[in-house]
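Numbering (the numbering used here), first residue to last: 954 to 1244. Glycine residues also receive a C-beta, built at the ideal position from the N, C-alpha and C atoms.
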């Protein structure tokens, strides 16, 4: 396997919409309120993707150390566990990436003030604490809550704040939609890995509550995500936000397949959920731009 191919595997490109879509939505909300600012929006996007990739890299390091990525794994190959990239190299690259994101983020601190410094530091801490440290979040069953907060409320709210220098409840309502979909991505990932996770004491939410209840939670969060644009419309936002309903047939198909899939088949549901997050988020963002 070539070096570029190996690093693309480690970056996990299919997970990147979870980092990009909330920033696009936050920028669309800012544009709706006539507060859009291109440079802060672009820097926020690069920082969000940088934190996402750093989280993936750190995840590889600590899952390898804890023995979570074994040959029994049903998901994509993990580069550190399989020896494609050495642990030492991954640690060095992760530190470099985190430092680069921090330095780039200082521009946002300069433009929008200390709240962004706090958000940035907490985001970087979360990237490490998700699988690292003495009490890793991913191993406790609390990962879903943190994913909702950081890939929903913080990502959308923070993007809006660096442009508008203020925040309102409507922005946080909107932020819930990508947050719910991001939790669903994590749920599918962890439903697939229940057996291997339990063996190493990685007690994710599905490992604690079981696959059936985790599937039910997926359905509840999907319904909740589709209720967000109508709530925004009722609060005075353009009727075009209801363009998101175009993706409803895909959501129904994905839920049906979730209930008829197991093991490696869930990798397709994972990809489908990522597609849902992307399409719903882009249509939601586009709808906000029409007045």
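Check, Outcome
"Among 1215, 1222, 1219, 1192, the one whose alpha carbon lies nearest that of residue 1236", "1192"
"Cβ neighbour criterion (16 or more within 10 Å) applied to residue 1246", "The chain is shown only over 954 to 1244; residue 1246 falls outside these bounds and no answer can be derived."
"Contacts around residue 1080, its chain only, beta-carbon distance under 8 Å, and the 5 residues preceding and following it disregarded", "1004, 1007, 1008, 1011, 1051"
"CA nearest to the CA of residue 1226, picked from 968, 1195, 958", "968"
"Selection from 1016, 1064, 1214, 998 that minimises the alpha carbon distance to residue 980", "998"
"Pick from 989, 1032, 987, 1016 that is closest to residue 956, judged by C-alpha positions", "1032"
"Cβ-Cβ separation, residue 976 to residue 1127 (assumed contact under 8 Å), whole Å", "Residue 1127 to residue 976, Cβ: 13 Å. No contact."
"Environment of residue 1216 [buried if 16+ CB atoms lie within 10 Å]", "exposed"
"Euclidean distance between Cα positions of residue 1228 and residue 1067", "34 Å"
"Integer-rounded CB distance, given that residue 1175 should sit under 8 Å from residue 1137", "7 Å"
"Residue 1099 and residue 1135 closer than 8 Å at C-beta", "no"
"Cα-Cα separation, residue 971 to residue 1223", "12 Å"
"Residue 984 - containing alpha helix (DSSP H), residue span", "970-985"
"At least three beta-carbon pairs within less than 8 Å, the segment 1043-1057 to the segment 984-992", "no"
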